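Here the protein sequences line up with chains A and B, keeping their order.
Numbers given in my numbering equal positions in the first sequence, counted from 1, plus 34.
Numbers given in my numbering equal positions in the second sequence, counted from 1, plus 1.
Don't be surprised by glycine CBs; every beta carbon is placed ideally from N, CA and C.
These numbers come from a predicted model, not from an experiment.
Report on one structure; see the data block that follows.
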Amino acid sequence: MSAKQTFLSRFAREISSGGTVFVLPAALLSLVLIAYPFFNAVWISFTNNTVGNPKKIFIGLDNYHYWVTHPHFWKVFLNTFVYAGGTVVFAIVFGFAIGLSLHKMKFARDFWGAVILIPWIVPTVVTTLVWLWMFNPMAGVLNYVFTTTGLSDYGLNWLGNPTLAWVSVLVVSAWRYTPYFGLVILAARKEVPDDYYEVAEIDGAGSFSQFFYVTVPMVWKVLFFTSILMFVRVAYDFVVVYVLTRGGPVGETEIISILTFNIAFDTGQMGLGVAAPLLMFPLFAPMILIVTNSMVRSIVGIK
Amino acid sequence: MRRTLTIFIAILLLALGSAPAHAADDDQLEIVVYRDNPGQHGPTQELVKQWAKETNTEVKITMAGHSTRRTIITTALEGASGPDILIMANFEGFLYGNGLMDISDLAEEIGKANGGWYDISVSMGKIDGVWKALPIYNYPHMMLYRRDMFKSAGQDVPDTWEDFRNTLKALKDSTGVKATPFGISIGRSFDGQQFLVALILSHGGKVLSDDGSKVVFNSPETVAALKYVINLYNDGLMDPTTPGWNDGTNNQALLSGRTAITFNSNSIKLQAKREFKDLYPDIGTAIYPKGPDKRASNPNVFSYGIRKTTKHSEKAKQLLAYLFRKDNYAKVLTETEGAVGVSLKGFEDLDVWKDPDNATNLKAQPSSYMYTLPSAKSAEIFNNYVIIDMVADVLVNGKTPEEAVEKAAMTMEKILLAK
Chain A
35 MSAKQTFLSR FAREISSGGT VFVLPAALLS LVLIAYPFFN AVWISFTNNT VGNPKKIFIG
95 LDNYHYWVTH PHFWKVFLNT FVYAGGTVVF AIVFGFAIGL SLHKMKFARD FWGAVILIPW
155 IVPTVVTTLV WLWMFNPMAG VLNYVFTTTG LSDYGLNWLG NPTLAWVSVL VVSAWRYTPY
215 FGLVILAARK EVPDDYYEVA EIDGAGSFSQ FFYVTVPMVW KVLFFTSILM FVRVAYDFVV
275 VYVLTRGGPV GETEIISILT FNIAFDTGQM GLGVAAPLLM FPLFAPMILI VTNSMVRSIV
335 GIK
Chain B
2 MRRTLTIFIA ILLLALGSAP AHAADDDQLE IVVYRDNPGQ HGPTQELVKQ WAKETNTEVK
62 ITMAGHSTRR TIITTALEGA SGPDILIMAN FEGFLYGNGL MDISDLAEEI GKANGGWYDI
122 SVSMGKIDGV WKALPIYNYP HMMLYRRDMF KSAGQDVPDT WEDFRNTLKA LKDSTGVKAT
182 PFGISIGRSF DGQQFLVALI LSHGGKVLSD DGSKVVFNSP ETVAALKYVI NLYNDGLMDP
242 TTPGWNDGTN NQALLSGRTA ITFNSNSIKL QAKREFKDLY PDIGTAIYPK GPDKRASNPN
302 VFSYGIRKTT KHSEKAKQLL AYLFRKDNYA KVLTETEGAV GVSLKGFEDL DVWKDPDNAT
362 NLKAQPSSYM YTLPSAKSAE IFNNYVIIDM VADVLVNGKT PEEAVEKAAM TMEKILLAK
């Protein structure tokens, strides 16, 4: 038997095995819902496609060249990293507070665990609209507090001042992802044997030392991989920034998803719009591969 | 067994790969109706349902707000399915022209039946010389003010931008230091952009040279208009939180009494009628003040178009003709107190204009201008807030008005004159 025949028969054997059959539905769904749209988008990014125009003319790397030489794109690129990084950092910090508090709770832990999940479960657009009202310059509760307590005559410009706009979008985004990190940290903390803390206490370690030298090292691996996945997810987030600021003022809070939406939907330039987020893909793909590779290795037991 | 399974999987994959690129068209006619503040969507829905009943046609109505409209249109055109009749704003007919049907016959018929189209309607409807959009409503932008506050300050409605500034000063002085007499969203919002466009045009600024070959936006006139707004803000005559406002905040500010004047469509007055009946008589309307060059305002022109790939073209045309029928058009105008404006001259004699506040919507028509010649690239500039961003560039980014105008002009040049 030739090498090709050996390969084909082995291939046929593999794909008709019981394991493959069980994976097939998910694989087909992925092909249809993820792979096809993705590769279609890649193709469109190499064309001058506009909305409603059936003609797609191949223009090579022109769209990518446009973005790479466009100063605003690099600002958006940086904004995206700040937004994703800031969200993950704040969510981890507050996640620790929530996770460790839940761990220490003796009563009603399940109840509070469910309550804390509310920002994660309620649709993002709903919660963000509520925040939008809270930031409203004249009817919002935040400015009501500021004006009635005399802290400000007219209230703060939560969404119109660039610094405050950044604070606003980061607060809302971090608030949304904090429950997720809280639960991850709670689950990871539960796996840490209590002996470690007893030994640390015997050695004279206080709460802070126990946190930094016992808790953090024990949960960091899970947290590291979760953070990478969440970083990529938040980087492509759309709803929070779109509802709150639309990327303003003057593009100060514009992230890659907003730029893509503006170009593709508001100006109808599909090819150009799709090229922008694809430029970030080479950065994020290795991150995802590292995480999934490590996860597979730890499941299979390879060190 | 193995061979059978292998063959089955291969056939399934092939079948998936050769599936048609888009779903089959729906069996029923579908129209997108714009949900607006004046409430035009209410009578429009009723008319569509009435037509559906009279013609025994199944019609699906998709309601679309300002922020979802373009997404719905894009999805329909790209997917060649979904809504057959689309509602577009301003220059969007030029953005989506390739996906729209030629409806010249319908446009000619409607024009003849209703006294002819306004020039602004023709410029929005004819895309590359072919009617592909039917402007149905030219929502005028105008001055909305608090009559009660004007009365207590002893002020008349300002006629020029100079009068406007003096009026603001008088209002501010009369109600004390905390008063912020004027407010309009100067962040990324349509109302704010319409206001600034009106100011620029009334000062003599323009985007393109007369032959359309050069961008002439960077001019002393444009700078003067921008400086006017900046000075209003810096002199405390404009609410300091306006950079963070959206189109709805204008309404809230005037209705709550935080401001005494804004620029908007008549929706504020209609909202007062629905929700603040005591306040309703105190909301006055007036046309835009006059600038050194002319009186100008920038309307929102809404047009219907038919998706080229629709399977219901005749029915779609019939429905649109029905909506443009004078008695049906009058119904919408009456229920919105004229807020939707008119796109055809034959609607100037309707009873709705007998009320002076309603009549402002009609008075605003002769001085209504689009910010530049219509095209897909003009849509790109407007939808990307290139003009209103100038204000934030000065107030937020610390640019001078000259630098902000220069930056906007360069952006326009890149877009408008790109090959």
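Inset, instruction - Name, please, each residue of chain B whose Cβ falls closer than 9 angstroms to the Cβ of residue 131 of chain A. - result: Those within 9 angstroms of residue 131 of chain A in chain B number zero; the least Cβ separation is about 30 angstroms.
Legend entry - Distance between residue 169 of chain A and residue 254 of chain A (C-alpha atoms, nearest Å): Straight-line Cα distance between these residues: approximately 35 angstroms.
Inset, instruction - Output, in chain order, the set of chain B residues within a Cβ distance shorter than 7 angstroms of residue 300 of chain A. - result: 71, 384 and 385
Inset, instruction - Could you check how far apart the C-beta atoms of residue 295 of chain A and residue 272 of chain A are, in whole angstroms? I think they sit under 8 angstroms. - result: 7 angstroms
Legend entry - Status (buried if at least 16 other CB within 10 Å, exposed otherwise) for residue 239 of chain B: Result: buried.
Legend entry - For residue 220 of chain A, the residue or residues it bridges with in DSSP: DSSP lists no partner for residue 220 of chain A.
Inset, instruction - Mind reading off the beta-carbon distance from residue 298 of chain B to residue 243 of chain B? Whole number of angstroms is fine, and I expect it under 8 angstroms. - result: Not really, about 19 angstroms apart at Cβ, beyond 8 angstroms.
Inset, instruction - Using three-state DSSP, classify residue 289 of chain A as helix, strand or coil. - result: coil
Legend entry - Segment limits, beta strand (DSSP E) that includes residue 329 of chain B: That residue, residue 329 of chain B, is in no beta strand (DSSP E); its alpha helix (DSSP H) goes 327 to 336.
Inset, instruction - If I'm right that residue 227 of chain B touches residue 405 of chain B with Cβ under 8 angstroms, what's the distance once you round it to whole angstroms? - result: 6 angstroms
Inset, instruction - Have a look at the DSSP bridge pairing and note the partners of residue 136 of chain B. - result: Looking at the DSSP output, residue 136 of chain B shares a beta bridge with B/304.
Legend entry - Three-state class that DSSP yields for residue 93 of chain B in the structure shown: helix
Legend entry - Proximal residues of chain A, C-beta to C-beta of residue 158 of chain B below 9 angstroms: Within chain A, not a single residue places a beta-carbon under 9 angstroms from that of residue 158 of chain B; the smallest gap is close to 24 angstroms.
Legend entry - Residue span of the beta strand (DSSP E) that contains residue 30 of chain B, given as start and end: 30 to 35
Inset, instruction - State the Cα-Cα distance for the pair residue 365 of chain B and residue 190 of chain A, rounded to the nearest angstrom. - result: 35 angstroms
Legend entry - 7 angstroms Cβ cut-off: residues of chain A touching residue 188 of chain B: 194, 282 and 283
Inset, instruction - Could you check if residue 316 of chain B is buried or exposed, using at least 16 other CB atoms within 10 Å of its CB as the buried criterion? - result: buried
Legend entry - Where the stretch 163 to 177 of chain A meets chain B: residues whose CB sits under 9 angstroms from a CB there: 166, 169, 170, 171, 172, 173 and 177
Inset, instruction - Report yes or no: is there a C-beta of chain B within less than 9 angstroms of the C-beta of residue 85 of chain A? - result: yes
Legend entry - Best match in B/411, B/390 and B/323 for proximity to residue 115 of chain B [C-alpha to C-alpha]: B/323
Inset, instruction - Report yes or no: do the stretch 118 to 130 of chain A and the stretch 203 to 223 of chain A share at least 3 C-beta pairs separated by less than 8 angstroms? - result: yes
Legend entry - Residues from the stretch 389 to 415 of chain B in contact with chain A, defined by Cβ distance under 7 angstroms: For chain A, the residues of the stretch 389 to 415 of chain B that bring a beta carbon within less than 7 angstroms of one of its beta carbons are 390, 393, 394, 397 and 398, in chain order.
Inset, instruction - At 4 residues or longer, and completely inside the stretch 169 to 253 of chain B: list those alpha helix (DSSP H) runs for me, N to C. - result: Qualifying alpha helix (DSSP H) stretches, in chain order: 191 to 203 and 221 to 235.
Inset, instruction - Compare the C-beta of residue 188 of chain A with all C-beta atoms of chain D and state if any pair is closer than 9 angstroms. - result: The structure shown contains no chain D; its protein chains are A and B.
Inset, instruction - Specify, as a first and last residue, the run of the alpha helix (DSSP H) that residue 383 of chain B falls within. - result: 377 to 384
Inset, instruction - For residue 168 of chain B, I'd like the list of residues in its chain whose CB is within less than 6 angstroms of its CB, leaving aside the five on either flank, ordered along the chain. - result: 156 and 159
Legend entry - Within-9 angstroms CB hit, residue 172 of chain B to chain A: no
Inset, instruction - Answer with yes or no whether the minimum CB distance from residue 299 of chain B to chain A is below 9 angstroms. - result: no
Legend entry - Proximity test, Cβ basis, 9 angstroms: residue 418 of chain B and chain A: The beta carbon of residue 418 of chain B sits no closer than 9 angstroms to any beta carbon of chain A.
Legend entry - Short-range partners of chain B found in the stretch 95 to 106 of chain A, where Cβ spacing is below 8 angstroms: Listed in chain order, the positions of the stretch 95 to 106 of chain A with a beta carbon within less than 8 angstroms of a beta carbon of chain B would be empty, since no residue qualifies.
Legend entry - Identified DSSP bridge partners for residue 291 of chain B: B/161 and B/296
Legend entry - Cβ shell of residue 85 of chain A (< 7 angstroms), same chain only, five flanking positions each side left out: 302 and 304
Inset, instruction - Indicate whether at least one CB of chain B lies closer than 9 angstroms to the CB of residue 60 of chain A. - result: At a cut-off of 9 angstroms between C-beta atoms, residue 60 of chain A does not count as an interface residue with respect to chain B.
Legend entry - Reduced DSSP category for residue 24 of chain A - H, G, I as helix; E, B as strand; rest coil: Here chain A has residues from 35 to 337 only, and residue 24 of chain A is not among them.
Legend entry - Beta-carbon contacts of residue 218 of chain A that lie in its chain and below 6 angstroms, excluding the five residues immediately before and after: 260.
Legend entry - Beta-carbon contacts of residue 379 of chain B that lie in its chain and below 6 angstroms, excluding the five residues immediately before and after: Around residue 379 of chain B: 92 and 373.
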